[in-house]
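Top to bottom, those sequences are chains V and S.
For the first sequence, this note's numbering assigns the number 18 to the initial residue and increments by one for each residue that follows.
For the second sequence, this note's numbering assigns the number 19 to the initial residue and increments by one for each residue that follows.
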Amino acid sequence: MVSILPWILSAPLFGIALLLCFRQLSRNQQTWIALAAPAFGLLLLAPLIPQLLQGEVLQQQWQWLPLLGLQWTLRLDALALLFVLLIFGIGLLVIFYARYYLSPKDPMGRFYACLLLFMQAMLGIVLSGNVLQLWLFWELTSVSSFLLISYWSHRSDARKGARLALTVTAAGGLALLVGLVLLGQVAGSYQLDVILSKGPEIVAHAQYPLILILVLLGAFTKSAQFPFHFWLPNAMAAPTPVSAYLHSATMVKAGIFLLIRLYPALAGTDLWFSLVSLAGLLTLLTGAYFALFQHDIKGLLAYSTISHLGLITLLLGLDTDLATVAAIFHIINHAVFKASLFMAAGIIDHETGSRDMRKINGLWHFMPVTASLAMVAAAAMAGVPLLNGFLSKEMFFSQTLHQSVLGSLSWLLPLLATIAAMFSVAYSARFIHDVFFNGKPIGLDKTPHEPPRYMRVPMEILVALCIGVGLFPQWLVGDILLAASTAALQQAPPAYSLALWHGVNLPLVMSAVAFFAGIVLYINRKQLFLFQAGFQSTLAIYRFEGLVQRLVYACRRFSQWAEPGRLQWYIAIILWAMVLLAGYPLLQLADLQGPRPAMAADLLTAALLLVMVLAAVATVLWQRQRLLALIMVSVVGLMLSLLFIRFSAPDLALTQLAVEVATAVLLMLALYFLPHRSPKQSAHSTLLRDLVLAGACAIVVGSLAYLMLTQKVDSVSAYFLANAKSGGGGTNVVNVILVDFRGFDTFGEITVLGIAALGIYKLLTGIPRFKPSADADGRSWALDAHPLLLRVVSQGLLPLALLVSVYIFFRGHNLPGGGFVAGLVTAIALILQYIAHGVDWVKPRLNLQFSALIASGILIAGLTGAFSWLFGKPFLTSWFDYFQVPLLGQIELASAMAFDLGVYLTVVGSTLLILANLGKLTTRYKPEHKEQA
Amino acid sequence: MELLLAVAIGLLTGCGVLLLLRGRTFAVMLGLTMLSYAVNLFIFVSGGLTAGAGAVLGATARYADPLPQALVLTAIVIGFAMTAFLVVLAIRSRAELGHDELDNQRAPKRGMP
Numbered sequence: 018m019v020s021i022l023p024w025i026l027s028a029p030l031f032g033i034a035l036l037l038c039f040r041q042l043s044r045n046q047q048t049w050i051a052l053a054a055p056a057f058g059l060l061l062l063a064p065l066i067p068q069l070l071q072g073e074v075l076q077q078q079w080q081w082l083p084l085l086g087l088q089w090t091l092r093l094d095a096l097a098l099l100f101v102l103l104i105f106g107i108g109l110l111v112i113f114y115a116r117y118y119l120s121p122k123d124p125m126g127r128f129y130a131c132l133l134l135f136m137q138a139m140l141g142i143v144l145s146g147n148v149l150q151l152w153l154f155w156e157l158t159s160v161s162s163f164l165l166i167s168y169w170s171h172r173s174d175a176r177k178g179a180r181l182a183l184t185v186t187a188a189g190g191l192a193l194l195v196g197l198v199l200l201g202q203v204a205g206s207y208q209l210d211v212i213l214s215k216g217p218e219i220v221a222h223a224q225y226p227l228i229l230i231l232v233l234l235g236a237f238t239k240s241a242q243f244p245f246h247f248w249l250p251n252a253m254a255a256p257t258p259v260s261a262y263l264h265s266a267t268m269v270k271a272g273i274f275l276l277i278r279l280y281p282a283l284a285g286t287d288l289w290f291s292l293v294s295l296a297g298l299l300t301l302l303t304g305a306y307f308a309l310f311q312h313d314i315k316g317l318l319a320y321s322t323i324s325h326l327g328l329i330t331l332l333l334g335l336d337t338d339l340a341t342v343a344a345i346f347h348i349i350n351h352a353v354f355k356a357s358l359f360m361a362a363g364i365i366d367h368e369t370g371s372r373d374m375r376k377i378n379g380l381w382h383f384m385p386v387t388a389s390l391a392m393v394a395a396a397a398m399a400g401v402p403l404l405n406g407f408l409s410k411e412m413f414f415s416q417t418l419h420q421s422v423l424g425s426l427s428w429l430l431p432l433l434a435t436i437a438a439m440f441s442v443a444y445s446a447r448f449i450h451d452v453f454f455n456g457k458p459i460g461l462d463k464t465p466h467e468p469p470r471y472m473r474v475p476m477e478i479l480v481a482l483c484i485g486v487g488l489f490p491q492w493l494v495g496d497i498l499l500a501a502s503t504a505a506l507q508q509a510p511p512a513y514s515l516a517l518w519h520g521v522n523l524p525l526v527m528s529a530v531a532f533f534a535g536i537v538l539y540i541n542r543k544q545l546f547l548f549q550a551g552f553q554s555t556l557a558i559y560r561f562e563g564l565v566q567r568l569v570y571a572c573r574r575f576s577q578w579a580e581p582g583r584l585q586w587y588i589a590i591i592l593w594a595m596v597l598l599a600g601y602p603l604l605q606l607a608d609l610q611g612p613r614p615a616m617a618a619d620l621l622t623a624a625l626l627l628v629m630v631l632a633a634v635a636t637v638l639w640q641r642q643r644l645l646a647l648i649m650v651s652v653v654g655l656m657l658s659l660l661f662i663r664f665s666a667p668d669l670a671l672t673q674l675a676v677e678v679a680t681a682v683l684l685m686l687a688l689y690f691l692p693h694r695s696p697k698q699s700a701h702s703t704l705l706r707d708l709v710l711a712g713a714c715a716i717v718v719g720s721l722a723y724l725m726l727t728q729k730v731d732s733v734s735a736y737f738l739a740n741a742k743s744g745g746g747g748t749n750v751v752n753v754i755l756v757d758f759r760g761f762d763t764f765g766e767i768t769v770l771g772i773a774a775l776g777i778y779k780l781l782t783g784i785p786r787f788k789p790s791a792d793a794d795g796r797s798w799a800l801d802a803h804p805l806l807l808r809v810v811s812q813g814l815l816p817l818a819l820l821v822s823v824y825i826f827f828r829g830h831n832l833p834g835g836g837f838v839a840g841l842v843t844a845i846a847l848i849l850q851y852i853a854h855g856v857d858w859v860k861p862r863l864n865l866q867f868s869a870l871i872a873s874g875i876l877i878a879g880l881t882g883a884f885s886w887l888f889g890k891p892f893l894t895s896w897f898d899y900f901q902v903p904l905l906g907q908i909e910l911a912s913a914m915a916f917d918l919g920v921y922l923t924v925v926g927s928t929l930l931i932l933a934n935l936g937k938l939t940t941r942y943k944p945e946h947k948e949q950a
Numbered sequence: 019m020e021l022l023l024a025v026a027i028g029l030l031t032g033c034g035v036l037l038l039l040r041g042r043t044f045a046v047m048l049g050l051t052m053l054s055y056a057v058n059l060f061i062f063v064s065g066g067l068t069a070g071a072g073a074v075l076g077a078t079a080r081y082a083d084p085l086p087q088a089l090v091l092t093a094i095v096i097g098f099a100m101t102a103f104l105v106v107l108a109i110r111s112r113a114e115l116g117h118d119e120l121d122n123q124r125a126p127k128r129g130m131p
């Protein structure tokens, strides 16, 4: 039995899926599909109703995020049942109605899909047994209502209204999320059952006020409570079926639902009563007052909805259990009459082409049936006896008499309630009189007539319900009201009687006063309209849009300030951040000097360092004479490689030396394309600013270096030293680390290398051709053929260099060398050929596909790693063994060597791809040569 | 010795930063190269200074710390690739914009000399 729950929940989902799959269907077929979804849901629900009315709670759980203690829980009790009935029932009618409302131009499938999505979200809210899950669906209602309000997205008011509604409700949703998370933490669980059972503990908790305010923010924004009510009138830009569904029966009731749902957990305190009742009271009065002054029929209904939502909220804020019963009763009644009124407004709009009550008059003559139905529904809204609105309004009045929320001023509440009811009668009277009587239509585009027969059917059903509930309340809704109230309060409500006649009592007198005063008020509305016209009113939507514009402008100003698009500014910010973050801890230290014994300084090293530093300073000083600066930088690099030798790192020295050559070639090429001198001297202020930053960096980095150098080191290197031979099969520990211990890092690094090279290739293709013809001093470039001596020497060097690189590659595992160095040596030997002979000479003789080299290198390295999977070992597990080979003696074979081959190939391919392609640009353009990667 | 090295690293960094902050692409390349020298040296000496130690197992009793060396070795090669990328970016930018200023996004001027 329980397993029906997920099917009920996902009924709309099936409809959405079908609508999306069969977009080519006719309008009628799409309507049938959309109708099937809620009908299917209702069918599944029907057999459960008796047991739910008995007070049973159906619940089903799945593990969601068990580590966080989250369960995906569906929970169906009588309160949820009531809402599910409303969602499915009114949804069914609205879908049917929309078939006639939407014009053939409007995309029907999209409308129904969005409507079903919304239905899905609402079902999710009411069926959730976990508050975070509830929140998820809560946000989904905001999103889907955004889609529905902006359904006519070509209209500016629809877009703005949708944006406003989304902003307000989603902001409230965020507050709600925080509130629910806090609530869950206080209660110890996010499960609704647990939270409901821990009411007293939650209320006593120190965080209770915060939780309450956050949850109320969520509920009040959703249910358009004052001061967040302004989004609802602007949401009237939605198609009318949407308003009939979202803005009467469902979405705006979600906030109310949440209040009722959490009533046992959060209510019962003074804070709850004062906040909720105050918000409800203000909403009730503002809504009722402003409804009277709307000229748009839907605007009137929107403010009336706000007012009625305020009434329900106020009931929840009165500290009696019976008030909650009245609130639930009014939810049903309001949903029924307001949906039918919206449908009437839609029909009027549809048949007259206008919603302006100053134009639409005297429709009684044109559509008497619709007019009768609408008048009954409007009478229910006004609380006229024999109709459902009267009953719940009576209950409301009697509850206002039995409360003490305003202390000694509590007598004000019945008075204010009567005033609100009076306005409610007045605007209902205006709806009836202004639209259906009051002379003839003014300036309508078409002659009004009755709508298609079936367009009226949903209204007829709803109006029949208004009358039915008004006459036989106990028989029609008595059971579900009692069960839902019991579920809401988590206990049986006090005795009450649902009946039309309770004898002459104070509530009846209040109703009568409100009724006649309301009629009088409507008749004398001229003065009131004049009074209201005296106020300067800016529409909320313009204020909101203005706010959004200002916000966007401010953000743009800020990002223009923070991101001026100047590289120097960014570099400076990053470096200053580095200086501050690294410099601050240095200030905390007492002494930079660590315990490590210092190494004695020797003359040679000191001289190396001196040359290096001088060359660095010279680079800076001569940076505008670029060739000189380039040479100075190379000196720094050369000194660096000597330093590596001095401090026992032959591998590094080899690599640095090889890279130095490649870098020099690279920068020479760059110099060819770039101006040879920097013409402009920086302003003194700029220079000073940069000097300060450079000095700060130098001090911080130097101090850090000194601090580090004098500390005792306890690194993992001992492990590598101990295991290089036995585990990796090599005596060159650096190489073993690269290709074995940290092989995965190296794999990533050669990949980066390949990507950089390919990026460079991409940047060089399609580069606008420009060739400097002379240097900075006006001397033209030499056009001589390549120098003979260089050509001869380079050709002779090539085999030697290749031999050396092979040698370096093979000894790399046990002696200084390896794939990186060997690759660089090979690449440089080949680059030398390009330099000596030119691209045109090399290309026919050595047609290497550089990108293929890179790819094969990475592939070989990757496959070597993957090979170990064959033996059930992790990626890149290495293997090595020794073999006796005739003539050569004992040789070692290691999988790491294959990996190193991959490194070698990638380095060769990348270096050549970079330098050869750059070099090719310097040669004359020959279209017959295809670009080569 | 430690002090000398620390001063050298600091000065290299300072020179690199100063070059990095110039307004022309070539100076930025030089600055980045210089800065990568400084950083490589910094990482290299993080294992402590060892002179005259063996690089290969079995040769001597004392070894230099191999881990920073392995890190710096790949850093040198990747540093080259990154410098090359920057160089090509600068060349492309000169070709498209007609000048080599960093923060001047003047409209492209075709027909360069």
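Don't be surprised by glycine CBs; every beta carbon is placed ideally from N, CA and C.
Taking 7 Å as the upper bound on Cβ-Cβ separation, chain V lies near residues Y81, A82, D83, P84, L85, Q87, A88, V90, L91, T92, I94, V95, I96, F98, A99, M100, T101, A102, F103 and V105 of the segment 78-105 of chain S. Note that the segment 536-548 of chain V does not touch the segment 406-415 of chain V; fewer than 3 beta-carbon pairs, one per stretch, sit closer than 8 Å.
Considered as a whole, the segment 873-919 of chain V harbours 897-902 and 906-911 as its complete beta strand (DSSP E) runs of no fewer than 3 residues, in chain order. Secondary structure at Q242 (chain V): coil, using DSSP grouped into helix, strand and coil. DSSP places S797 (chain V) in the strand class (E or B) of the three-state scheme. Note that the segment 481-494 of chain V touches the segment 392-409 of chain V; at least 3 beta-carbon pairs, one per stretch, sit closer than 8 Å. Within its own chain, the residues whose Cβ lies closer than 6 Å to the Cβ of I364 (chain V), once the five positions on either side in sequence are excluded, are T387 and P468, listed in chain order. Between V920 (chain V) and A872 (chain V), the C-beta spacing is not below 8 Å. For Q812 (chain V), the enclosing alpha helix (DSSP H) starts and ends at L805 to R828. When C-alpha distances from A356 (chain V) are compared across V:G304, V:F440, V:I104 and V:A236, the shortest belongs to V:I104. Rounded to the nearest angstrom, the gap between the Cα atoms of Y736 (chain V) and V753 (chain V) is 12 Å.
Shown in chain order are the members of the segment 602-635 of chain V whose Cβ falls below 8 Å from a Cβ of chain S: R613, A615, M616, A617, A618, D619, T622, A623, L626, M629, V630, A633 and V634.
Linking L276 (chain V) to W248 (chain V) through their CA atoms gives a straight-line distance of about 20 Å.
Residues of chain V whose Cβ lies closer than 7 Å to the Cβ of L21 (chain S) are, in chain order, Y723. Within chain S, the residues R40, G41, R42, F44, A45 and D118 have their CB atoms less than 9 Å from the CB of S695 (chain V), given in chain order. Under the 8 Å criterion on CB atoms, V143 (chain V) is classed as non-interfacial with respect to chain S. Ranked by how close their Cα comes to the Cα of G304 (chain V), the residues V:L318, V:D313 and V:L62 have V:L318 in first place. Counting only the Cα atoms, N541 (chain V) lies some 28 Å from W428 (chain V). Partner residues in the beta bridge of D373 (chain V), as assigned by DSSP, are V:D313. Separation of A344 (chain V) and T330 (chain V) (C-alpha to C-alpha, rounded to the nearest whole angstrom) is 8 Å. Within the same chain, G65 come within 7 Å of L85 (chain S) by CB-CB distance, once the 5 residues on both sides are set aside. Excluding its 5 nearest sequence neighbours in each direction, L93 (chain V) has C-beta neighbours in its own chain below 8 Å: L22, I25, L65, L69, V74, L75, Q76, V101 and L144, listed in chain order. Considering only S:A88, S:L59, S:L115 and S:L50, the residue with the shortest C-alpha distance to A24 (chain S) is S:L59. At a cut-off of 8 Å between beta carbons, A872 (chain V) makes no contact with chain S. For the segment 566-599 of chain V, residues whose beta-carbon sits nearer than 9 Å to a beta-carbon of chain S comprise P581, G582, R583, L584, Q585, W586, I588, A589 and L592.
When V:F561, V:L332, V:W81 and V:V838 are compared, the shortest CA-CA separation from Y207 (chain V) is found for V:W81.
In the assembly as shown, V925 (chain V) is a buried residue. Its beta-carbon has 16 or more other beta-carbons within 10 Å. By the criterion of a C-beta distance shorter than 7 Å, M476 (chain V) is surrounded in its chain by S357, M360, A361 and L390, once the five residues flanking it on both sides are discounted. Between the segment 573-581 of chain V and the segment 188-201 of chain V, the count of C-beta pairs closer than 8 Å stays below three; the two stretches do not touch. Counting along the chain, T90 (chain V) sits inside the beta strand (DSSP E) bounded by residues L87 to L93.
Spatial neighbours of R40 (chain V) in its own chain (CB-CB distance under 8 Å, excluding positions within 5 residues in sequence) are listed in chain order as G126. When C-beta distances to chain V are compared with 8 Å, the residues of the segment 55-75 of chain S below that value are Y55, A56, N58, L59, F60, F62, V63, S64, G65, G66, L67, T68, A69, G70, A71, G72, A73, V74 and L75, in chain order.
Counting C-beta pairs with one atom in each stretch, the segment 688-708 of chain V and the segment 857-875 of chain V have fewer than three that are closer than 8 Å, which means they do not touch.
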